[in-house]
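Residue numbers (our numbering): 2 to 322.
1) Among residues of its own chain, excluding the 5 on either side of residue 123, which ones have a beta-carbon nearer than 8 angstroms to its beta-carbon?
2) List the whole-angstrom C-beta distance separating residue 230 from residue 292, where the pair is believed to meet the contact cut-off of C-beta under 8 angstroms.
3) Mind listing, in chain order, the continuous beta strand (DSSP E) runs of no fewer than 3 residues lying wholly within the segment 269-318?
4) So, with DSSP's three-state summary, where would you put residue 259?
5) Measuring CA to CA, which of 145, 112 and 170 is closest to residue 128?
6) Per DSSP, what kind of secondary structure is residue 227 in: helix, strand or coil?
7) Is the beta carbon of residue 152 closer than 8 angstroms to that of residue 241?
8) Compute the distance between the beta-carbons of residue 252 and residue 227, then report whether it is under 8 angstroms.
9) Residue 258 and residue 188: beta carbons closer than 8 angstroms?
10) Taking all protein chains shown into account, do 16 or more other C-beta atoms lie within 10 angstroms of the C-beta of residue 304, making it buried, or fewer, making it exposed?
11) Given residue 13, which residues of its chain have a CB within under 6 angstroms of its CB, disregarding the five upstream and five downstream residues?
12) Where do the N-terminal and C-terminal ends of the beta strand (DSSP E) with residue 219 fall, by residue?
13) What is the DSSP secondary structure of residue 183, reduced to helix, strand or coil?
14) Whole angstroms are fine: how far does the CA of residue 177 sit from the CA of residue 30?
15) Between which residues of its own chain and residue 117 is the CB-CB distance below 6 angstroms, once the five residues before and five after are set aside?
16) Helix or strand or just coil, what does DSSP make of residue 137?
17) Take the Cβ of residue 220 as the centre, count every other Cβ of all protein chains shown within 10 Å, and call the residue buried at 16 or more, exposed below.
18) Please state whether the Cβ-Cβ distance between residue 320 and residue 120 is less than 8 angstroms.
19) Which class does residue 208 belong to by DSSP, given the choice of helix, strand or coil?
20) When we look at the beta-carbon of residue 239 and count the other beta-carbons within 10 Å, is it buried (16 or more) or exposed?
21) Just list the beta strand (DSSP E) runs in the segment 67-137, keeping only unbroken ones of 3 residues or longer that don't cross its boundaries, in chain order.
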(Lines of atoms letter the chains of each structure in order from A and count residues from 1; the text may use other names and numbers.)
(Lines give C-alpha, C1' and ligand atoms only; values in the text may rest on other atoms or scores of the structure.)
Protein backbone atom coordinates (compact mmCIF):
# COMPACT_ATOMS: atom_id res chain seq x y z
CA UNK A 1 0.00 0.00 0.00
CA UNK A 2 1.45 3.35 -1.02
CA UNK A 3 2.01 5.93 1.68
CA UNK A 4 -0.30 8.91 1.53
CA UNK A 5 1.47 12.26 1.08
CA UNK A 6 1.60 14.37 4.21
CA UNK A 7 2.29 18.06 4.56
CA UNK A 8 3.96 19.80 7.48
CA UNK A 9 0.73 21.69 8.20
CA UNK A 10 -1.08 18.37 8.78
CA UNK A 11 1.45 16.98 11.26
CA UNK A 12 2.09 17.81 14.88
CA UNK A 13 4.50 16.42 17.45
CA UNK A 14 3.50 15.49 20.98
CA UNK A 15 5.52 14.49 24.04
CA UNK A 16 5.29 10.71 24.48
CA UNK A 17 4.90 11.17 28.24
CA UNK A 18 1.57 12.95 27.69
CA UNK A 19 -0.11 9.91 26.13
CA UNK A 20 -1.68 6.82 27.66
CA UNK A 21 -0.88 3.37 26.36
CA UNK A 22 -4.43 2.70 25.11
CA UNK A 23 -4.11 5.59 22.63
CA UNK A 24 -0.96 4.06 21.14
CA UNK A 25 -1.89 0.39 21.44
CA UNK A 26 -3.20 0.07 17.86
CA UNK A 27 -0.02 1.69 16.48
CA UNK A 28 2.16 -0.71 18.46
CA UNK A 29 -0.03 -3.62 17.36
CA UNK A 30 0.63 -2.60 13.74
CA UNK A 31 4.34 -2.46 14.51
CA UNK A 32 4.21 -5.96 16.02
CA UNK A 33 2.49 -7.22 12.85
CA UNK A 34 5.13 -5.47 10.71
CA UNK A 35 8.02 -7.14 12.59
CA UNK A 36 6.34 -10.52 12.37
CA UNK A 37 5.49 -10.24 8.68
CA UNK A 38 8.66 -8.65 7.31
CA UNK A 39 11.39 -9.58 9.81
CA UNK A 40 10.06 -12.90 11.19
CA UNK A 41 10.41 -11.45 14.68
CA UNK A 42 7.99 -11.70 17.60
CA UNK A 43 7.61 -8.11 18.82
CA UNK A 44 4.86 -8.87 21.34
CA UNK A 45 7.12 -8.87 24.43
CA UNK A 46 8.67 -5.56 23.39
CA UNK A 47 5.19 -4.18 22.73
CA UNK A 48 3.93 -5.03 26.20
CA UNK A 49 7.08 -3.63 27.80
CA UNK A 50 6.71 -0.37 25.86
CA UNK A 51 3.06 -0.03 26.87
CA UNK A 52 4.04 -0.36 30.53
CA UNK A 53 6.80 2.23 30.20
CA UNK A 54 4.46 4.62 28.39
CA UNK A 55 1.97 4.40 31.25
CA UNK A 56 4.75 5.04 33.76
CA UNK A 57 5.41 8.41 32.04
CA UNK A 58 9.21 8.03 32.17
CA UNK A 59 9.96 7.14 28.54
CA UNK A 60 11.42 10.06 26.60
CA UNK A 61 10.16 10.39 23.04
CA UNK A 62 7.53 11.77 20.70
CA UNK A 63 4.22 10.93 19.07
CA UNK A 64 3.63 12.03 15.47
CA UNK A 65 0.00 13.00 14.82
CA UNK A 66 -1.96 13.66 11.66
CA UNK A 67 -4.84 15.81 12.81
CA UNK A 68 -5.43 14.12 16.19
CA UNK A 69 -4.58 10.55 15.20
CA UNK A 70 -1.19 9.06 16.19
CA UNK A 71 0.60 7.79 13.07
CA UNK A 72 4.08 7.30 14.52
CA UNK A 73 6.22 7.34 17.64
CA UNK A 74 9.84 7.35 18.72
CA UNK A 75 11.79 7.12 21.96
CA UNK A 76 15.32 7.14 23.31
CA UNK A 77 17.07 5.93 26.46
CA UNK A 78 19.51 8.15 28.33
CA UNK A 79 22.45 6.52 30.09
CA UNK A 80 25.44 8.50 31.36
CA UNK A 81 27.17 10.18 28.40
CA UNK A 82 25.06 8.43 25.76
CA UNK A 83 21.54 8.46 24.39
CA UNK A 84 20.39 5.27 22.68
CA UNK A 85 17.71 5.54 19.99
CA UNK A 86 15.25 2.90 21.13
CA UNK A 87 12.83 2.77 18.21
CA UNK A 88 10.98 4.79 15.59
CA UNK A 89 7.92 3.58 13.74
CA UNK A 90 5.46 5.24 11.34
CA UNK A 91 2.19 3.62 10.29
CA UNK A 92 2.33 2.02 6.84
CA UNK A 93 -0.41 4.27 5.47
CA UNK A 94 1.80 7.31 6.14
CA UNK A 95 5.28 5.82 5.97
CA UNK A 96 7.53 8.06 3.93
CA UNK A 97 10.88 9.66 4.58
CA UNK A 98 9.36 13.10 5.31
CA UNK A 99 7.31 11.83 8.25
CA UNK A 100 10.20 9.71 9.50
CA UNK A 101 12.60 12.66 9.31
CA UNK A 102 10.29 14.79 11.48
CA UNK A 103 10.30 12.17 14.22
CA UNK A 104 14.01 11.42 13.90
CA UNK A 105 15.06 15.09 13.99
CA UNK A 106 12.92 15.83 17.05
CA UNK A 107 14.31 12.78 18.81
CA UNK A 108 17.94 13.61 18.00
CA UNK A 109 17.65 17.27 18.97
CA UNK A 110 15.98 16.42 22.27
CA UNK A 111 18.46 13.67 23.16
CA UNK A 112 21.43 15.95 22.44
CA UNK A 113 20.50 18.52 25.08
CA UNK A 114 20.24 16.02 27.94
CA UNK A 115 22.89 16.79 30.58
CA UNK A 116 26.16 15.02 29.88
CA UNK A 117 25.18 13.50 26.53
CA UNK A 118 28.19 13.40 24.22
CA UNK A 119 27.06 10.60 21.94
CA UNK A 120 23.88 9.30 20.29
CA UNK A 121 23.65 5.92 18.59
CA UNK A 122 20.91 3.69 17.31
CA UNK A 123 19.82 1.13 14.73
CA UNK A 124 16.27 1.47 13.44
CA UNK A 125 15.16 -1.61 11.51
CA UNK A 126 11.75 -0.29 10.47
CA UNK A 127 13.14 2.96 9.08
CA UNK A 128 13.65 3.78 5.41
CA UNK A 129 17.22 3.33 4.20
CA UNK A 130 17.47 6.54 2.18
CA UNK A 131 17.52 9.22 4.88
CA UNK A 132 20.26 11.79 4.26
CA UNK A 133 22.92 12.71 6.78
CA UNK A 134 22.28 15.90 8.70
CA UNK A 135 23.82 18.08 11.39
CA UNK A 136 22.65 18.52 14.96
CA UNK A 137 24.15 21.47 16.83
CA UNK A 138 27.24 21.60 14.65
CA UNK A 139 28.07 17.87 14.58
CA UNK A 140 27.23 15.52 11.76
CA UNK A 141 24.82 12.65 12.31
CA UNK A 142 26.54 9.84 10.49
CA UNK A 143 24.32 7.30 8.70
CA UNK A 144 25.90 3.84 8.35
CA UNK A 145 23.91 1.40 6.17
CA UNK A 146 23.34 -2.11 7.50
CA UNK A 147 21.78 -5.32 6.15
CA UNK A 148 19.23 -7.60 7.75
CA UNK A 149 19.82 -11.08 6.29
CA UNK A 150 17.94 -14.35 6.69
CA UNK A 151 18.57 -18.05 6.04
CA UNK A 152 15.33 -19.98 5.50
CA UNK A 153 14.89 -23.73 5.23
CA UNK A 154 18.02 -24.84 7.07
CA UNK A 155 19.67 -27.73 5.22
CA UNK A 156 20.68 -31.07 6.66
CA UNK A 157 23.47 -31.23 9.22
CA UNK A 158 26.98 -30.52 7.86
CA UNK A 159 30.24 -32.17 8.78
CA UNK A 160 32.07 -30.31 11.55
CA UNK A 161 35.57 -29.05 10.93
CA UNK A 162 38.12 -30.21 13.51
CA UNK A 163 41.27 -28.26 14.30
CA UNK A 164 44.45 -29.21 16.11
CA UNK A 165 44.97 -25.57 17.12
CA UNK A 166 41.45 -24.75 18.31
CA UNK A 167 38.89 -26.15 20.72
CA UNK A 168 35.16 -25.42 20.21
CA UNK A 169 32.56 -25.57 22.97
CA UNK A 170 29.34 -24.00 24.25
CA UNK A 171 29.71 -20.51 25.69
CA UNK A 172 29.11 -20.16 29.44
CA UNK A 173 29.27 -17.28 31.94
CA UNK A 174 32.83 -18.23 32.86
CA UNK A 175 33.82 -17.14 29.34
CA UNK A 176 32.63 -13.59 29.99
CA UNK A 177 36.07 -12.06 30.59
CA UNK A 178 37.88 -13.85 27.77
CA UNK A 179 35.18 -13.04 25.22
CA UNK A 180 35.05 -9.41 26.42
CA UNK A 181 38.74 -9.16 25.58
CA UNK A 182 38.09 -10.89 22.27
CA UNK A 183 35.40 -8.37 21.27
CA UNK A 184 37.79 -5.48 21.96
CA UNK A 185 40.48 -7.09 19.80
CA UNK A 186 38.11 -8.09 17.01
CA UNK A 187 36.49 -4.66 16.61
CA UNK A 188 39.55 -2.47 17.03
CA UNK A 189 39.50 0.09 14.16
CA UNK A 190 36.32 -1.58 12.84
CA UNK A 191 33.28 0.41 11.70
CA UNK A 192 31.03 -1.61 14.03
CA UNK A 193 32.87 -0.10 17.02
CA UNK A 194 31.67 3.29 15.79
CA UNK A 195 28.09 2.01 15.65
CA UNK A 196 28.30 0.45 19.15
CA UNK A 197 30.84 2.08 21.43
CA UNK A 198 30.57 -0.83 23.89
CA UNK A 199 32.94 -2.68 21.56
CA UNK A 200 35.66 -0.13 22.29
CA UNK A 201 36.47 -1.16 25.86
CA UNK A 202 36.59 -4.30 27.96
CA UNK A 203 34.04 -2.89 30.41
CA UNK A 204 31.71 -1.97 27.55
CA UNK A 205 32.08 -5.40 25.91
CA UNK A 206 31.35 -7.05 29.25
CA UNK A 207 28.17 -4.98 29.61
CA UNK A 208 27.18 -5.84 26.04
CA UNK A 209 27.63 -9.57 26.69
CA UNK A 210 25.61 -9.43 29.89
CA UNK A 211 22.79 -7.60 28.13
CA UNK A 212 22.88 -10.08 25.21
CA UNK A 213 22.80 -13.17 27.41
CA UNK A 214 20.57 -12.02 30.28
CA UNK A 215 18.01 -9.62 28.78
CA UNK A 216 15.53 -10.24 25.91
CA UNK A 217 16.38 -7.10 23.90
CA UNK A 218 17.36 -9.12 20.82
CA UNK A 219 15.26 -12.16 21.57
CA UNK A 220 15.62 -14.89 24.19
CA UNK A 221 19.24 -16.01 24.61
CA UNK A 222 19.67 -19.48 23.08
CA UNK A 223 22.61 -21.06 24.86
CA UNK A 224 22.85 -24.08 22.55
CA UNK A 225 23.74 -21.75 19.65
CA UNK A 226 26.35 -19.86 21.69
CA UNK A 227 29.72 -21.22 20.65
CA UNK A 228 33.27 -20.14 21.46
CA UNK A 229 36.61 -21.18 19.95
CA UNK A 230 39.74 -21.25 22.10
CA UNK A 231 43.39 -21.33 21.10
CA UNK A 232 44.67 -24.59 22.64
CA UNK A 233 48.17 -23.14 23.06
CA UNK A 234 47.31 -19.87 24.84
CA UNK A 235 43.76 -20.69 26.06
CA UNK A 236 42.66 -17.30 24.67
CA UNK A 237 39.31 -16.92 22.94
CA UNK A 238 39.81 -16.98 19.17
CA UNK A 239 36.18 -16.45 18.17
CA UNK A 240 32.65 -16.35 19.51
CA UNK A 241 29.14 -16.74 18.12
CA UNK A 242 26.05 -15.91 20.18
CA UNK A 243 22.40 -16.47 19.28
CA UNK A 244 18.84 -15.95 20.43
CA UNK A 245 15.31 -17.02 19.58
CA UNK A 246 13.11 -14.22 18.23
CA UNK A 247 10.22 -16.59 17.58
CA UNK A 248 9.80 -20.16 18.85
CA UNK A 249 11.18 -21.48 15.55
CA UNK A 250 13.23 -18.50 14.33
CA UNK A 251 16.77 -17.80 15.52
CA UNK A 252 18.92 -14.70 15.35
CA UNK A 253 22.73 -14.46 15.43
CA UNK A 254 23.43 -11.65 17.88
CA UNK A 255 27.24 -11.74 17.66
CA UNK A 256 29.92 -13.32 15.50
CA UNK A 257 33.51 -12.13 15.73
CA UNK A 258 36.97 -13.60 15.31
CA UNK A 259 40.34 -12.58 16.73
CA UNK A 260 42.33 -10.80 13.97
CA UNK A 261 45.06 -13.47 14.21
CA UNK A 262 42.57 -16.17 13.15
CA UNK A 263 40.73 -14.36 10.37
CA UNK A 264 40.51 -16.15 7.00
CA UNK A 265 41.21 -19.45 8.78
CA UNK A 266 37.64 -20.74 8.75
CA UNK A 267 36.94 -20.03 12.43
CA UNK A 268 33.99 -17.74 11.74
CA UNK A 269 32.44 -20.17 9.28
CA UNK A 270 32.81 -23.08 11.72
CA UNK A 271 31.32 -21.12 14.64
CA UNK A 272 28.38 -20.05 12.52
CA UNK A 273 27.95 -23.60 11.20
CA UNK A 274 27.84 -25.00 14.73
CA UNK A 275 25.26 -22.37 15.73
CA UNK A 276 23.11 -23.27 12.71
CA UNK A 277 23.38 -26.94 13.69
CA UNK A 278 21.95 -26.04 17.12
CA UNK A 279 19.08 -24.11 15.52
CA UNK A 280 18.43 -27.00 13.16
CA UNK A 281 18.29 -29.45 16.08
CA UNK A 282 15.76 -27.08 17.70
CA UNK A 283 13.67 -27.41 14.50
CA UNK A 284 14.07 -23.74 13.62
CA UNK A 285 12.72 -22.76 10.20
CA UNK A 286 14.90 -19.67 9.74
CA UNK A 287 17.84 -17.76 11.22
CA UNK A 288 18.55 -14.05 10.77
CA UNK A 289 21.47 -11.71 11.43
CA UNK A 290 22.55 -8.12 10.83
CA UNK A 291 25.78 -6.93 9.22
CA UNK A 292 27.24 -3.58 8.23
CA UNK A 293 26.90 -3.04 4.48
CA UNK A 294 30.58 -2.14 4.03
CA UNK A 295 31.69 -5.46 5.58
CA UNK A 296 31.74 -7.26 2.26
CA UNK A 297 33.94 -10.11 3.49
CA UNK A 298 31.34 -11.08 6.09
CA UNK A 299 28.44 -10.62 3.66
CA UNK A 300 30.10 -12.93 1.13
CA UNK A 301 30.57 -15.57 3.84
CA UNK A 302 26.91 -15.36 4.84
CA UNK A 303 25.74 -15.56 1.23
CA UNK A 304 27.88 -18.64 0.57
CA UNK A 305 26.33 -20.35 3.58
CA UNK A 306 22.79 -19.52 2.43
CA UNK A 307 21.76 -16.15 3.89
CA UNK A 308 20.05 -13.59 1.65
CA UNK A 309 19.37 -9.89 2.03
CA UNK A 310 15.93 -9.24 3.50
CA UNK A 311 16.08 -5.52 4.32
CA UNK A 312 18.45 -2.57 4.34
CA UNK A 313 18.28 -0.26 7.33
CA UNK A 314 20.28 2.64 8.77
CA UNK A 315 22.31 3.00 11.92
CA UNK A 316 23.03 6.46 13.34
CA UNK A 317 25.97 7.90 15.23
CA UNK A 318 26.31 11.45 16.57
CA UNK A 319 29.21 12.66 18.69
CA UNK A 320 29.71 16.12 20.12
CA UNK A 321 32.49 18.31 18.73
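Beta carbons: idealized from backbone N, C-alpha and C, even for Gly.
Well, looking at it:
1) 77, 85, 86, 87, 316 and 317
2) 20 angstroms between Cβ atoms; not a contact.
3) 287-293
4) strand
5) 145
6) coil
7) no
8) no
9) yes
10) exposed
11) 66
12) No beta strand (DSSP E) holds residue 219; DSSP gives it neither H nor E.
13) helix
14) 36 angstroms
15) 82
16) strand
17) buried
18) yes
19) helix
20) buried
21) 70-80, 83-91, 120-124 and 135-137
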